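**Q** Residue numbers (the working numbering), protein chains in the order written: chain A, 138 to 491; chain B, 376 to 999; chain C, 10 to 217.
Glycine included, each C-beta is placed from N, C-alpha and C at the ideal position.
Quantities reported herein were computed from a predicted structural model and do not represent experimental measurements.
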Amino acid sequence: MMKGLKKWRLFSLLAVLTVFLAGCGQEELSTLLPAGQVGKDQFNLLLLSSGIMLLVIIVVVTIYLVALVRFRRSKLGEDHIPEQVEGSHKLELVWTIIPILLILLLAVPTVYYTYKLGDVAAMGAVDEDGNAENLVVDVTAKLYWWEFEYPDLGIVTAQELVVPMDEKVYFNLLAADVKHSFWIPAVGGKLDTNVENVNKFYLVFEKDSQDLKDGVFYGKCAELCGPSHALMDFKVKTMPRPEFDQWVTAMQNTAENQVVANQDGQEVFQQSCIGCHATSGVGESGAQGPNLATFGDRNRVAGFLDHTDEKLVEWIRDTQEHKPGNKMPSFDKNQISDAEMDALVEYLMGLSVE
Amino acid sequence: MSSVAQKKGFGATLWDWLTTVDHKKIGILYFLGGGFFFVLGGIEAMMIRWQLHIPNNDFVSAGLFNDLITMHGTTMIFLAAMPILFGFMNAIVPLQIGARDVAFPFINSLGFWMFFFGGLFLNISWLYGEVPDAGWTSYASLSLASQGHGVDFYAIGLQIAGGGTLMAGINFLVTIINMRAPGMTYMRMPLFTWTTFVASAMILFAFPPLTVGLFFLTFDRMFGGNFFNHTMGGNTIIWEHIFWIFGHPEVYILILPAFGIFSEIFSIFSRKRLFGYPSMVFATVLIGFLGFMVWAHHMFTVGLGPTANAIFAVATMAIAVPTGVKIFNWLLTMWGGSIKITTPMLYALGFIPSFVMGGVTGVMQGAAPLDYQLHDSYFIVAHFHYVIVGGVVLAILAATHLYWPKMFGTMLNETLGKVTFWFFFIGFHMTFLIQHWLGFWGMPRRVWTYMDGQGWNLANLISTIGAFMMAIGVIVLVINAIMTSVKNVKVANDPWGDGRTLEWAIESPPIYYNFHATPLVRGLDTVWIEKMEGNESGLTPAEPIKDIHMPNGSIIPLLMSFGLFIAGFGAMFRTEESWGLPVLIFGLLWTFVSMAARSLQDDTGYYIKKDEILRDLKRKGGQN
Amino acid sequence: MDLNKKFTPETWPDHPERATLEAKNKFVGFWLFLGGETILFATLFATYVALKNSGPSGFGFSTQELYELPLVFVMTMLLLTSSLTSVFAMYHLRNYNFKKMQLWLAITAFLGLGFLMLEVYEFSHYVGLGFTYGNSAFSSAFFTLVGTHGFHVAVGLVWVTLLIFRNAKRGLNLYNATKYYTFSLYWHFIDVVWVFIFTVVYLMGVVG
């Protein structure tokens, strides 16, 4: 009986684990398919804690089922008066001490990883020439978009974070209006962007985003920030260091050598859009609207709409319809005629550094 | 007086209920009021799930969705779960300790009416058209940025309802400290009384921070304060701390009475003394204590630093130990017992695996680095629904069946009760089990819609189907309640047959002064002891029958609460309407004058004469 | 309960404030209420400490320059003395000496009123300097903490005034003895809170 029970336990454990692994989600945004050291640490902690917790569940459910089968009144008879047991110090001691040991088993790695993942001491380090040793990205969360500044490189972008692979990338996180939270599920846990203080942490990206379904990792806002909280997505492109360096150079060149796919479009842009949007990737954070220097390379319009000409037109024509509460005005046909719009779209889609 | 109230007309009956200070009637008022808000919060939940059953749904707008989640959470916690539990506490705890009423009948009534008017105030926002939309946590930067009067309704409504809760807490504490029958020592108190006691103590220490936090929010939004406005030197993290210093104990305030209810049920329907009673009491107190030490685990991602996170992570995990003790004690209560599966027992049996699931996911989130992934994802939504629905709501449904005869004098239909259970239980697991994985797959909580192609569609659909099964279960329960009330078949003292505590030794429902003579308590499960020794009544009187002192009913609690309700509107429209300030002053003055009237009138109650009690006894045809 | 039952100093119980079950309930309940009040003030103190001297950029007020210690010292003395006089009143409550009790309570109220008027003066002085409620997070936290205390003093004053006049003709009984006693508890509590305000807000503000 006991042996059978043990086998059954093992089997159910395996069965549960199989189901667990089968439902791993999509690799561009699942925490169960971690694509970086931070996410992997957290995933390991998940496996450890789930294992311990499954053990607890199995023990409880076993006692529960046996009690339920053995001690039914229908079996024992209506008149059966059970012995009024007061308790058992031995047993109570057992189920106090064993949980404490299990908790300790989990607490030690928890504390270890808490300090490990919270270590940003190397953030400001510089080499002998005074150059920063690590890549630092300043993230500013705004209603409802993300601005990414690379302070040591003098460039700024929005909506799509571009990072090199296999090195620690440090982040300074801040919100410009209300609180948001910065989360790239597949790469590592989130950290809030507070309004009054800068939060710092690091992530490591170990998978090339080119191999993913859309060529990008998905990033999310994880703190309720208003009506369009659900639409405050961003994307992450990861690439080997040499490619990243090329991208940086290209970005730095956008100040002078801009691709102009449509001259008329550029004029429309300079009339209607330039007040909030920059097309040069050189600069700092603090813009009214997202930087558009890499707009043509992006995966989505406004962070979540399909990256097509039609969607872009729909977006500009009625921004509130798509992203309620956002700060961008809509432009009707009196402000931008259909012909101008076509030119503008061609111009925008042509903005590219890749 | 209230003894002859039954034969009065509608107006007089209504007046009787509006002015009642009888703990049993106030219990029913709490139960009905909380039940109403439970249905309201449930409808909101159904709308949320319907919106999310397919990607890119446009059933509700983004703004309305935020209204719905905010009101669903706020309503369920403050206006449904807590008041319904207060209902059972009011109806049962004084009976369990052999008391004739609570310590402060007047304040008891005041607590109810403040809850009621606070809840009404909050929900009038739906009619006004500007609804709280910053989440039930109303984090400061968003709650300050929120347009319109929505968050004002939240701040003022909760302030009024919270005041009522605080009064109820103090009232139960004093009742349990001072009003126990002779022989009812602390270590003989039934577990439901014990958990009520600890939960009330937690209310006493957890609600003042909420009061202060809501005042800050009110001042910031309506009176030019700058507590959370960082451009003026304020700090939004203060709100998060204050909210969770209240908010974390709050979940234990909910779950402890639920533990108490299940302890009663396991004991009754296993026909066996609660296993390890002293350790159950100790675990309850310890959980109550630790409940105040762990608030920052809601804030692991706020950036408090690794040291704070590590400390709060370990403290959080520690709570698993006393909770585990409780689980095993319940299992061992069943072990060796004689288990009868009635509807309440069915809920208790459903509770064990559900709550263990909720508990272990709680420990997982206590591991701070892992929580960075799980926080504010659907995993946390799954976790707290497992704890609150799998723990508190199952307890409420169980107690509804268990105590229905004691509160209303008739039994709910057992078959329909079991139908309710199975719909609710299966629906519950369908709704929330899959949400753990939605969280793993990167779905943030509080999203009003989601794009296609992220792998979330099927799971969300399953979740929605489950939610509607839960709704069917609740509808069956309502039908059951109506049918039973119409039939109204009266039952005896102990309709379950295995009652162990004092409430099962008196009529269902009890006469308005509860006990003809105060009972003598001879041990834990005193009624069981008496019955085993052959005393069929289950009671031994501690004193001869004599005059009983009773409190008078009063309309003043209702009037005082109504004044605050009025003042709330004045405060809200103070700056934009000319009538705002006068109405604010008028409302506060109204409350103050009512209070002064109470204070000056010297209401010392009345006596029921011995003859009358003897007459009641004779009519019943028996002793006690 | 019989309100008309007459006592003599000999028959008057040692602890009149908790001689009946109702009185005992009120007594315990009020202590618990004060426990809750303690948490309320603790939250206000914590917020004040977190926000003190904190304002918009270019903010010109600091605790060192703002507070007027001599004035606050006089206020402190008034309130401490009023606590003492309320102790005298309670002494006469135990003695069943109604007239002296009323007198000492009247003095207590009078001292409390003096405190409150000085506080109003202090507040209006700060507002005159431009340190208004909406001026900064610091000012909001200051006025809320000290103002909440002031509000408690005002409530206490109204309470004791009502007690004095309501019972003037009736004398002491076991019903109102509890009311008098809980008032004195409340008044001591206010006094203790003020001691903390004086230390944390004023002394540590000016010196620390």
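Taking Cβ-Cβ distances shorter than 7 angstroms, what residues in chain C pair up with residue 601 (chain B)?
**A** In the second sequence, the residue the question calls residue 601 (chain B) occupies position 226. Near residue 601 (chain B) (Cβ distances below 7 angstroms), the residues of chain C are 143, 145, 146 and 149.
**Q** Can you tell me which of B:396, B:801, B:994 and B:937 puts its alpha carbon nearest to the alpha carbon of residue 844 (chain B)?
**A** Position 469 of the second sequence, counting from 1, holds the residue named residue 844 (chain B). Comparing Cα-Cα distances from residue 844 (chain B) to each of B:396, B:801, B:994 and B:937, the minimum goes to B:801.
**Q** Roughly how many angstroms separate the alpha carbons of residue 422 (chain B) and residue 822 (chain B), rounded to a whole number?
**A** For the purposes of this step, residue 422 (chain B) is identified with residue 47 of the second sequence, where counting begins at 1. For the purposes of this step, residue 822 (chain B) is identified with residue 447 of the second sequence, where counting begins at 1. So the two alpha carbons sit approximately 14 angstroms from each other.
**Q** Excluding the 5 residues preceding and the 5 following residue 22 (chain C) in the sequence, name in chain order all residues of the same chain whose CB lies nearer than 8 angstroms to its CB.
**A** By one-based count along the third sequence, residue 22 (chain C) stands at place 13. Hits under 8 angstroms: 28 and 183.
**Q** Got a sec: does the ligand ATP put a non-hydrogen atom nearer than 6 angstroms to the Cβ of residue 161 (chain A)?
**A** Judged by which ligands are present, the structure shown has none, so any question about the ligand ATP falls away.
**Q** If distances are taken between C-alpha atoms only, which option among B:992, B:425, B:955 and B:387 comes closest to residue 887 (chain B)?
**A** Within the second sequence, residue 887 (chain B) is the residue found at index 512, counting from 1. Here the closest residue by C-alpha is B:992.
**Q** What are the start and end residues of each continuous beta strand (DSSP E) run of 3 or more residues lying completely inside the stretch 624-703 of chain B, in chain order?
**A** None, since the stretch 624-703 of chain B contains no complete beta strand (DSSP E) of that length.
**Q** Need the endpoints of the beta strand (DSSP E) that residue 478 (chain B) sits in, please.
**A** Taking the second sequence and counting its residues from 1, the one referred to as residue 478 (chain B) is at position 103. Taken as a continuous stretch (DSSP letters only), residue 478 (chain B) belongs to no beta strand (DSSP E), as it is neither H nor E.
**Q** Less than 7 angstroms between CB atoms is the rule here; does residue 453 (chain A) satisfy it with respect to chain B?
**A** Stepping through the first sequence from its first residue, residue 453 (chain A) is reached at position 316. False, the Cβ-Cβ gap to chain B never drops below 7 angstroms.
**Q** Can you give me the C-alpha to C-alpha distance between residue 164 (chain C) and residue 154 (chain C), rounded to a whole angstrom?
**A** Position 155 of the third sequence, counting from 1, holds the residue named residue 164 (chain C). Position 145 of the third sequence, counting from 1, holds the residue named residue 154 (chain C). The alpha-carbon atoms of residue 164 (chain C) and residue 154 (chain C) are separated by roughly 16 angstroms.
**Q** With distance defined between alpha-carbon atoms, name the residue in B:565, B:741 and B:610 nearest to residue 656 (chain B).
**A** Position 281 of the second sequence, counting from 1, holds the residue named residue 656 (chain B). Looking at the Cα atoms, B:565 is the closest of the given residues.
**Q** Distance check for residue 46 (chain C) and residue 156 (chain C), CA to CA, integer angstroms please.
**A** Within the third sequence, residue 156 (chain C) is the residue found at index 147, counting from 1. Within the third sequence, residue 46 (chain C) is the residue found at index 37, counting from 1. When rounded, the distance between both Cα atoms is 15 angstroms.
**Q** Is the CB-CB distance between residue 601 (chain B) and residue 588 (chain B) below 7 angstroms?
**A** By 1-based counting over the second sequence, the position of residue 601 (chain B) is 226. By 1-based counting over the second sequence, the position of residue 588 (chain B) is 213. Going by C-beta atoms, residue 601 (chain B) is not nearer than 7 angstroms to residue 588 (chain B).
**Q** Check residue 766 (chain B) in the structure and name its three-state DSSP category.
**A** Translated into positions along the second sequence, residue 766 (chain B) becomes position 391. Reduced to three states, the DSSP call for residue 766 (chain B) is helix.
**Q** Here's the rule I'm using: 16 or more other beta-carbon atoms within 10 Å means buried, otherwise exposed. How should residue 379 (chain B) be labelled?
**A** Locating residue 379 (chain B) in the second sequence gives position 4, where the first residue counts as 1. Because residue 379 (chain B) sits at a pLDDT of 46, beneath the cut-off of 50, its placement in the model cannot be relied upon, and the following sentence gives the value as read from the coordinates. That one is exposed.
**Q** Between the Cα of residue 860 (chain B) and those of B:829, B:891, B:913 and B:787, spot the shortest distance and give me the residue it belongs to.
**A** Here residue 860 (chain B) refers to the residue found at position 485 when the second sequence is read from its first residue. Nearest C-alpha to residue 860 (chain B): B:787.
**Q** Under three-state DSSP, which class holds residue 899 (chain B)?
**A** As a position in the second sequence, residue 899 (chain B) is number 524, starting the count at 1. Correct three-state label for residue 899 (chain B): coil.
**Q** Anything in chain A within Cβ reach of residue 706 (chain B), meaning under 9 angstroms, just list it in chain order.
**A** Here residue 706 (chain B) corresponds to residue number 331 of the second sequence, with the count starting at 1. By Cβ distance, chain A contributes 197, 200, 201 and 204.
**Q** Looking only at its chain, what residues have a beta carbon closer than 7 angstroms to the beta carbon of residue 464 (chain A), apart from the 5 residues adjacent to it on each side?
**A** Here residue 464 (chain A) refers to the residue found at position 327 of the first sequence. Closer than 7 angstroms at Cβ, skipping near neighbours: 280.
**Q** Is there at least one Cβ from chain B nearer than 7 angstroms to residue 138 (chain A)'s Cβ?
**A** The residue you call residue 138 (chain A) lines up with position 1 of the first sequence. Model confidence at residue 138 (chain A) stands at a pLDDT of 44, short of 50, so the residue's coordinates are unreliable; what they give is reported in the following sentence. Not closer than 7 angstroms to any Cβ of chain B, the Cβ of residue 138 (chain A) fails to qualify, so no.
**Q** Which word fits residue 994 (chain B), buried or exposed, when buried means at least 16 other C-beta atoms lie within 10 angstroms of its C-beta?
**A** What you label residue 994 (chain B) is simply residue 619 of the second sequence in a count that begins at 1. Counting Cβ neighbours within 10 Å, residue 994 (chain B) comes out exposed, since fewer than 16 surround it.
**Q** Tell me which residues of the stretch 195-213 of chain C have at least one Cβ-Cβ distance to chain B shorter than 9 angstroms, keeping chain order.
**A** Within the stretch 195-213 of chain C, no residue has a Cβ that lies closer than 9 angstroms to any Cβ of chain B.
**Q** Considering only DSSP beta bridges, list what residue 62 (chain C) is partnered with.
**A** As a working mapping, residue 62 (chain C) is identified with position 53 in the third sequence. In DSSP, residue 62 (chain C) forms no bridge with anything.
**Q** For the candidate residues B:778, B:810, B:954 and B:875, whose alpha-carbon lies nearest to that of residue 1000 (chain B)?
**A** Chain B is shown only over 376 to 999; residue 1000 (chain B) falls outside these bounds and no answer can be derived.
**Q** What are the partner residues of residue 341 (chain A), as DSSP defines its beta bridges?
**A** Within the first sequence, residue 341 (chain A) is the residue found at index 204, counting from 1. In DSSP, residue 341 (chain A) forms a bridge with A:305.
**Q** Among residues of its own chain, excluding the 5 on either side of residue 441 (chain A), which ones have a beta-carbon nearer than 7 angstroms to its beta-carbon?
**A** Translated into the one-based positions of the first sequence, residue 441 (chain A) becomes position 304. Same-chain partners within the cutoff: 368 and 370.
**Q** Distance, Cα to Cα, residue 754 (chain B) vs residue 545 (chain B)?
**A** As a first step, residue 754 (chain B) must be located in the second sequence, where it is residue number 379. As a first step, residue 545 (chain B) must be located in the second sequence, where it is residue number 170. Roughly 36 angstroms separates the two Cα atoms.
**Q** To the nearest angstrom, how far is the alpha carbon of residue 36 (chain C) from that of residue 187 (chain C)?
**A** Here residue 36 (chain C) is taken as the residue at index 27 of the third sequence, counted from 1. Here residue 187 (chain C) is taken as the residue at index 178 of the third sequence, counted from 1. Looking at the two C-alpha atoms, the distance is approximately 7 angstroms.
**Q** Excluding five sequence neighbours on each side, which residues of the same chain lie with their C-beta closer than 6 angstroms to the C-beta of residue 538 (chain B)?
**A** As a first step, residue 538 (chain B) must be located in the second sequence, where it is residue number 163. If we look at residue 538 (chain B) and ignore the five residues flanking it on each side, its Cβ neighbours are 489.
**Q** Apply the 10 Å Cβ neighbour rule to residue 230 (chain A) and answer buried if 16 or more other Cβ atoms are within range, or exposed otherwise.
**A** Locating residue 230 (chain A) in the first sequence gives position 93, counting from the first residue. Classification of residue 230 (chain A): exposed, given that the 10 Å Cβ count is below 16.
**Q** Suppose the cutoff is 6 angstroms on Cβ atoms and the five residues either side in sequence are ignored; what does the same chain contact list for residue 311 (chain A) look like?
**A** Counted from its first residue, the first sequence places residue 311 (chain A) at position 174. Excluding residues within five positions, the ones whose Cβ falls inside 6 angstroms are 277, 330 and 335.
**Q** Mind pulling the chain B residues with CB within less than 8 angstroms of residue 447 (chain A)?
**A** Mapped onto the first sequence, residue 447 (chain A) falls at position 310. Within 8 angstroms Cβ-Cβ: nothing; residue 447 (chain A) doesn't reach chain B, min ~16 angstroms.
**Q** If you follow the beta strand (DSSP E) that residue 326 (chain A) is in, where does it begin and where does it stop?
**A** By 1-based counting over the first sequence, the position of residue 326 (chain A) is 189. That run of the beta strand (DSSP E) goes 325-330.
**Q** Note down, in chain order, every chain C residue with its Cβ under 7 angstroms from the Cβ of residue 944 (chain B).
**A** The residue given as residue 944 (chain B) occupies position 569 in the second sequence. Those do not exist, as residue 944 (chain B) stays about 22 angstroms from chain C at its closest Cβ, beyond 7 angstroms.
**Q** Output, in sequence order along the chain, the residues in the stretch 441-465 of chain B whose CB is closer than 7 angstroms to any CB in chain A.
**A** Those would be 441, in chain order.
**Q** Can you tell me whether DSSP reads residue 999 (chain B) as helix, strand or coil?
**A** Working through the second sequence from its first residue, we reach residue 999 (chain B) at position 624. For residue 999 (chain B), the predicted model reports a pLDDT of 46, less than 50, meaning its position is unreliable; a value from the coordinates is still stated below. DSSP places residue 999 (chain B) in coil when its eight states are reduced to three.
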